[in-house]
Amino acid sequence: MNSMIGGALYLSLAAAIWGGMYVVSKFALATVPPFTLLFLRYLVAALLLVGILWRKQEKLLPDTARGLILQVGLVGYFFSIAAQFIGTKLSSAHMGAVITTLSPVFLSAFAVVILKERLTVKQAVAMAVALAGVLVVVGVPGRQGEPSALAGNLFLLGAALCWGYYSVISRKVSTVYSPLQITTWGILIATLFTFPCLYFEYGQWSPADLLQLPIVLSVLYIGIISTALAFFSWNKGLALVPSHQAGLFFFLQPVVGTLLGWFFLDEHLSGSFFIGSLLIMAGVYYNMKQTAGSE
Numbered sequence: 001m002n003s004m005i006g007g008a009l010y011l012s013l014a015a016a017i018w019g020g021m022y023v024v025s026k027f028a029l030a031t032v033p034p035f036t037l038l039f040l041r042y043l044v045a046a047l048l049l050v051g052i053l054w055r056k057q058e059k060l061l062p063d064t065a066r067g068l069i070l071q072v073g074l075v076g077y078f079f080s081i082a083a084q085f086i087g088t089k090l091s092s093a094h095m096g097a098v099i100t101t102l103s104p105v106f107l108s109a110f111a112v113v114i115l116k117e118r119l120t121v122k123q124a125v126a127m128a129v130a131l132a133g134v135l136v137v138v139g140v141p142g143r144q145g146e147p148s149a150l151a152g153n154l155f156l157l158g159a160a161l162c163w164g165y166y167s168v169i170s171r172k173v174s175t176v177y178s179p180l181q182i183t184t185w186g187i188l189i190a191t192l193f194t195f196p197c198l199y200f201e202y203g204q205w206s207p208a209d210l211l212q213l214p215i216v217l218s219v220l221y222i223g224i225i226s227t228a229l230a231f232f233s234w235n236k237g238l239a240l241v242p243s244h245q246a247g248l249f250f251f252l253q254p255v256v257g258t259l260l261g262w263f264f265l266d267e268h269l270s271g272s273f274f275i276g277s278l279l280i281m282a283g284v285y286y287n288m289k290q291t292a293g294s295e
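Note that UniProt numbering numbers the sequence shown so that position 36 is 36, with each residue one more than the last.
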C-alpha cells in the first residue's frame with residue numbers, strides 16, 4: 001500500500017474515532033467528573049498498550065530522545081487535553097469546536113519551523129478551504145465579553161497550540177521509535193501527570209457510580225478505542241504523511257461528530273452542515289491530489 005494512502009487511512013480513522021467520542025463522553029461526563037474520566041481513560045489505554053508492547057517484545061523504556069517522548073506525553077496528551085477541558089468549561093463547547101480547528105494551522109507552522117517542511121501555496125489554499133468548511137459546520141460564535149469566557153478561550157487556544165506542537169514532535173521522534181512505542185510512553189506520562197488532578201474532584205463521585213455497567217463500558221470504549229487505537233492511528237499516520245498534510249484530516253472530526261450526534265442523539269442537521277462538509281472534503285481531497293501529483 002502506498003505510504004500516503006496508508007497514512008491517510010490511519011489519520012482518517014483517528015479523526016473519525018475522536019469525532020464520535022463526543023457521544024460516549026457526553027454520556028459518561030454526566031456521572032464522572034472530567035479529570036477523573038481523563039485519568040481512567042489514560043489508565044485503561046496505558047495498561048492495554050503496555051501489554052501489547054510487552055507481547056510484541058518491543059523496547060519497554062526509551063533509551064534515547066527521552067526529552068521528545070516527555071514532550072509528547074506532557075504537551076500533547078496532558079496539557080492539550082487538560083486545557084481543552086478547562087477551556088470548554090469556562091467558555092462553551094461551541095467556541096471550543098471553533099478554536100480547536102486552529103490545531104492544524106499551528107501544526108503546519110511548527111512543521112515549517114521545527115521540521116523544515118515546505119508548505120506550498122496550493123496546500124495552504126486546501127487548508128483554508130477545509131478550515132472554512134469547519135466554520136460553516138459549527139458556525140462562528142458571537143462575541144463573549146465575560147472574563148471567564150475570555151480565559152476559557154485562551155485555554156482553548158493553548159490546547160490547539162499544544163496539539164499542533166505535539167503532532168510535529170511525534171513525527172520527529174517517529175524516526176527513532178515505532179508509533180506503538182510513542183503512543184504507549186506518551187500515554188503513560190499523561191497518566192502520571194493526570195493522577196494529581198483527581199484531588200480537585202475528590203468527593204464528586206463514588207465507587208458505586210463508576211461501577212455501573214454503562215459507565216464501565218463507556219470508560220472501556222473511551223480508553224481502548226478513543227485513546228489507545230485513535231492515538232496510535234494518529235501517530236502512525238504522522239509517521240507516513242508530512243505534518244502539514246496530516247493536519248487536514250483533523251478537520252474531519254466535526255463532520256463525524258455531527259453525523260453521530262444526529263444518529264444517536266437525534267440532533268438536527270442543517271443545510272450548513274452539508275455545505276461545510278463538502279468544503280472540508282474538497283480541501284482534504286485537493287491537498288492529497290496535489291501531494292500525489294508531486295510524487
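Glycine included, C-beta positions come from ideal geometry on N, C-alpha and C.
In summary, residue 14 is buried, with 16 or more beta-carbon neighbours lying within 10 Å of its beta-carbon over all protein chains present. Annotation for residue 172: 68, 114 and 115 place their beta carbon closer than 8 angstroms to its own, counting only its chain and skipping 5 residues before and after.
Between residue 187 and residue 73, the C-beta gap is smaller than 8 angstroms, which places the two residues in contact. Nearest Cα to residue 196 within the set 271, 5, 40 and 241: 40.
Spatial neighbours of residue 48 in its own chain (CB-CB distance under 8 angstroms, excluding positions within 5 residues in sequence) are listed in chain order as 223, 224 and 228. In the same chain as residue 64, and ignoring 5 residues on each side of it, the C-beta atoms closer than 8 angstroms to its own belong to 176, in chain order. Membership of residue 186 in the alpha helix (DSSP H) is indicated by the continuous run 179-194. Around residue 179, the same chain offers 232, 235, 236 and 239 as residues with beta carbons nearer than 7 angstroms, after the five sequence neighbours per side are excluded. For residue 27, the CB contacts under 7 angstroms within the same chain, skipping 5 residues up- and downstream, are 218 in chain order. Spatial neighbours of residue 250 in its own chain (CB-CB distance under 7 angstroms, excluding positions within 5 residues in sequence) are listed in chain order as 15, 103 and 104. When secondary structure is reduced to three states using DSSP, residue 32 falls in the coil class, being assigned neither helix nor strand.
With a threshold of 16 other beta carbon atoms within 10 Å, residue 262 falls short and is exposed.
Going by DSSP, residue 237 is part of the alpha helix (DSSP H) stretching over 230-240. With respect to the C-alpha of residue 52, the residue from 181, 150 and 70 having the closest C-alpha is 181. Residue 32 places its beta carbon less than 8 angstroms from that of residue 215.
The shortest C-alpha to C-alpha distance from residue 83 to any of 153, 18, 169 and 101 is the one to 153.
Exposed is the label assigned to residue 30, since fewer than 16 other Cβ atoms lie within 10 Å of its Cβ. Non-local beta-carbon contacts of residue 17 in its own chain, meaning distances under 7 angstroms to residues more than five positions away in sequence, involve 225, 226, 229 and 230 in chain order. Every alpha helix (DSSP H) of 4 residues or more that sits fully in the segment 107-143 is shown, in chain order, as 121-138. If you compare the alpha carbons of 189, 256 and 135 with that of residue 76, the shortest gap goes to 189.
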